[in-house]
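Peer 1:
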Amino acid sequence: MGGGKKKQPPTAEAMERILEVTRQLARPLDLTTMLTHVIDAAREVLQADRGSVFLYDSRTHELYSTVATGVTALRFPANRGIVGECAESRRLINVPDCYADSRFNREADQKTGYRTRCLLTVPLIGYDNSLVGVMQVLNKTEGVFSEEDERIATALAAQCAVAIQRIKMLAELVENEKIKRELAVARDIQTRVLPKAVPRLAGYDLAGWSRPANQTGGDIFDIIAMDGNRLMLLLGDATGHGVGPALSVTQVRAMLRMAVRLGADLDSAFRHINDQLVEDLPDNRFVTAFLGLLDTQNHRVIYHAGGQGPLLHFHADTGRCEWLSASTIPMGFMAGLPLPEPRRHDLGQGDILGLITDGIFEYENFESEAFGQQRVDELVIKHQHEPMADLLRRIVSEVERFGGLAPQNDDMTALLVRRLPA
Numbered sequence: 001m002g003g004g005k006k007k008q009p010p011t012a013e014a015m016e017r018i019l020e021v022t023r024q025l026a027r028p029l030d031l032t033t034m035l036t037h038v039i040d041a042a043r044e045v046l047q048a049d050r051g052s053v054f055l056y057d058s059r060t061h062e063l064y065s066t067v068a069t070g071v072t073a074l075r076f077p078a079n080r081g082i083v084g085e086c087a088e089s090r091r092l093i094n095v096p097d098c099y100a101d102s103r104f105n106r107e108a109d110q111k112t113g114y115r116t117r118c119l120l121t122v123p124l125i126g127y128d129n130s131l132v133g134v135m136q137v138l139n140k141t142e143g144v145f146s147e148e149d150e151r152i153a154t155a156l157a158a159q160c161a162v163a164i165q166r167i168k169m170l171a172e173l174v175e176n177e178k179i180k181r182e183l184a185v186a187r188d189i190q191t192r193v194l195p196k197a198v199p200r201l202a203g204y205d206l207a208g209w210s211r212p213a214n215q216t217g218g219d220i221f222d223i224i225a226m227d228g229n230r231l232m233l234l235l236g237d238a239t240g241h242g243v244g245p246a247l248s249v250t251q252v253r254a255m256l257r258m259a260v261r262l263g264a265d266l267d268s269a270f271r272h273i274n275d276q277l278v279e280d281l282p283d284n285r286f287v288t289a290f291l292g293l294l295d296t297q298n299h300r301v302i303y304h305a306g307g308q309g310p311l312l313h314f315h316a317d318t319g320r321c322e323w324l325s326a327s328t329i330p331m332g333f334m335a336g337l338p339l340p341e342p343r344r345h346d347l348g349q350g351d352i353l354g355l356i357t358d359g360i361f362e363y364e365n366f367e368s369e370a371f372g373q374q375r376v377d378e379l380v381i382k383h384q385h386e387p388m389a390d391l392l393r394r395i396v397s398e399v400e401r402f403g404g405l406a407p408q409n410d411d412m413t414a415l416l417v418r419r420l421p422a
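Sequential numbering of the sequence shown, starting at 1, is according to our numbering.
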């Protein structure tokens with residue numbers, strides 16, 4: 001019951017919580033806080049009473065607890081007990097009756113008075129297939145852990161592994177000169193594929209901008225002119241930062257442009273790119289992406305937002321901003337994705353569509369206060385009549401002023417589209 005791509009998607013409720021964990025892990029949090037988010041999500045979605053994360057120490061071949069509920073810190077050999085077996089075999093272990101399983105150690109229950117009925121233990125495997133640790137949840141509220149629970153736990157474990165390795169990777173990237181040179185090459189590739197100029201369409205004003213958090217980022221945007229009246233819009237955000245994510249989003253951009261050349265429709269393009277990413281990316285990597293088709297004749301945008309949100313729609317007639325959530329799961333998460341009908345939004349005169357990555361919303365100052373959607377909301381409303389390039393510069397300037405000298409911990413990318421008044 002181990003890894004591999006999932007044949008069936010988690011439930012809509014579970015998927016929503018997994019997406020929330022994904023957004024939390026993208027924030028500039030410390031390791032303990034990140035893992036706490038994962039455990040809280042695991043307990044909530046799996047309806048478990050307790051949860052723990054055990055990290056692997058390759059130097060001592062030990063496992064030690066960093067985040068747990070209801071227990072004190074532990075450190076023990078990496079081959080001991082059910083957790084150790086999970087670590088060594090790298091396979092999920094689902095025990096429906098702990099006291100009937102000879103592998104279960106009752107010592108902790110005897111000391112605390114807690115009774116463990118059932119448990120689910122999942123390995124944390126890194127992007128390079130190395131052992132990162134083990135996640136375990138205890139006592140499902142009703143019954144025992146199911147196959148659906150196993151799928152959800154595996155997805156959450158992938159998020160946990162990404163969180164751990166991201167922190168280690170960032171530290172290593174700064175110190176390793178060889179990787180720095182590789183980053184410079186990847187940065188050059190990524191910079192070259194960003195649009196050099198925005199297509200001009202009668203009745204519309206567009207502007208885009210992107211800045212990575214470190215030398216190479218995992219964000220990208222693109223604007224593809226399909227004919228005289230239609231544009232394909234892309235905003236992508238790969239998990240993590242560095243060479244891998246940068247190349248992932250560059251791959252998405254290249255595949256989308258090829259799909260457009262071959263005449264693929266929106267649904268086909270999304271499906272083909274998703275399925276290719278499933279084949280190419282490690283199990284713990286994916287790309288949140290907005291793919292949208294803007295028709296300037298009927299002033300309608302149809303789109304799929306795979307884990308990408310919130311999206312901004314400023315309505316000029318009411319003077320208010322509407323924030324739209326993601327419409328489906330991220331790209332690269334699951335092959336054969338059951339894609340819903342594309343969402344459709346009509347753009348009235350003066351309306352603005354804003355595609356903005358969370359690096360802007362979640363930019364924090366030294367007081368750990370996030371810039372937030374409300375500030376973006378206010379800037380769009382106040383400066384709605386300005387050219388989109390000027391509005392975008394105002395947003396960036398306000399984010400920088402708000403953050404002061406606080407470091408930029410996530411990539412920042414935005415694409416603004418305004419339908420001009422007649």
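Ideal Cβ placement from N, Cα and C applies to all residues, glycine included.
#1: Just curious, the alpha helix (DSSP H) that E322 is in, first and last residue?
#2: Whose C-beta lies closer than 7 Å to the C-beta of Q276 among residues of the same chain, with five residues either side of it excluded?
#3: I think N284 touches Y127, with their Cβ atoms under 8 Å apart; what is that distance to the nearest whole Å?
#4: Using the rule of at least 16 other Cβ atoms within 10 Å of the residue's Cβ for burial, across every protein chain shown, is K140 buried or exposed?
#5: My assumption, with CB atoms under 8 Å, is that V442 sits in contact with V144. Please give the rounded CB distance.
#6: Please determine, among H345, L291, G307 and I329, the residue with the shortest C-alpha to C-alpha distance to N298.
#7: By DSSP's criteria, L312 is part of a beta bridge. Which residues make up the other side?
#8: Looking at C-alpha atoms only, which residue of L294, I125, L324 and Q384 is the closest neighbour of T318?
#9: Which class does M34 belong to by DSSP, given the choice of helix, strand or coil?
#10: Beta-carbon separation of F270 and L324 under 8 Å?
#11: Given this structure, state the Cα-to-Cα distance separating P387 from R394, to the nearest angstrom.
#12: Does the count of Cβ pairs from the segment 227 to 237 and the segment 292 to 306 closer than 8 Å reach three?
#13: Evaluate contact between the segment 119 to 126 and the segment 156 to 166, counting only Cβ atoms and requiring at least three cross-stretch pairs below 8 Å.
#14: Who are the Cβ neighbours of T363 in its own chain at under 6 Å, not counting the five residues just before and after it?
#15: Going by C-alpha to C-alpha distance, which of D40, T250, D411 and V417 sits closest to P212?
#16: Leaving out five residues on either side along the sequence, give the residues of the same chain with a beta carbon under 7 Å from the beta carbon of C98.
#17: Beta carbon of N365, beta carbon of A406: below 8 Å?
#18: Spatial neighbours of S268 within its chain, please: CB distance less than 8 Å, with the 5 preceding and 5 following residues excluded, ordered by chain position.
Peer 2: Let's see:
#1: No alpha helix (DSSP H) holds E322; the beta strand (DSSP E) holding it covers R320 to L324.
#2: M255
#3: 6 Å
#4: buried
#5: Nothing about residue 442 can be reported from this structure: the residues present for the chain run from 1 to 422 only.
#6: H345
#7: W323 and G354
#8: Q384
#9: helix
#10: no
#11: 11 Å
#12: yes
#13: yes
#14: As written in the sequence, residue 363 is Tyr, which differs from the Thr given in the question. Contacts found: F371, V399 and G403.
#15: D411
#16: F104, T116, R117, C118 and L119
#17: yes
#18: A259
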